[in-house]
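Be aware that the sequence shown starts at 1, since it is given in full-length UniProt numbering, and climbs by one per residue. Just so you know, even glycine gets a beta-carbon here, dropped at the ideal spot from N, CA and C. Keep in mind that this is a model prediction, so the values were computed, not measured.
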Amino acid sequence: MNKQAATTENGTSSRIDEGAERVKQATSHAVASTKEAVERAADHVEESLHRATDKVAAGANRANEKLSDASERGRAAYDATMDRADEWLEQVRDYVREKPVQSVAIALGAGWLLARLLKR
1 MNKQAATTEN GTSSRIDEGA ERVKQATSHA VASTKEAVER AADHVEESLH
51 RATDKVAAGA NRANEKLSDA SERGRAAYDA TMDRADEWLE QVRDYVREKP
101 VQSVAIALGA GWLLARLLKR
C-alpha cells in the first residue's frame with residue numbers, strides 16, 4: 001500500500017504543480033496584456049497632450065501676431081494723429097502771426113460763448 005499511496009501522492013503533487021504552473025502562466029499573460037494596454041493608453045494620452053500643446057502654442061502665436069499687428073496699427077494711427085495735430089497747430093500759429101487782432105477777437109468770442117454755455 002505504500003507504493004500505491006506514494007504513487008497517488010506523486011500524481012496529486014504533480015497535478016498541483018502543473019496547476020500552479022498554469023496559474024503562473026495565466027497571471028503572467030494577464031499582467032503582460034495589462035502592461036501592453038496601459039502602455040498603449042499612456043502613448044495615446046501622451047500623443048493627445050502633445051497635439052493639445054501644439055494647438056495651444058499655435059493659438060498663442062496667432063494671438064501674439066494679432067496683438068503685434070494691432071499695436072503697430074495703433075502706433076501708426078497715433079503717429080498720424082500727432083502729425084495732423086502738429087500741422088494744425090502750425091497753421092494756427094501762422095494765422096495768429098499773420099492776423100493777431102482777429103485772432104484775439106476770435107479767442108475772446110470763443111471764451112465768451114463757452115462761458116455762456118457753461119453757466120446754463
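- Annotation for K119: the continuous alpha helix (DSSP H) segment containing it runs P100 to K119.
- Within the model, the alpha-carbon separation for D69 versus G111 is close to 42 Å.
- Restricting attention to beta strand (DSSP E) runs no shorter than 3 residues, the stretch 35–99 encloses none.
- Taken atom to atom, the span from the alpha-carbon of D86 to that of A76 is near 15 Å.
- Distance from the CA atom of V38 to the CA atom of A26, rounded to whole angstroms, is 18 Å.
- When the Cα atoms are used, P100 and R93 turn out to be separated by approximately 10 Å.
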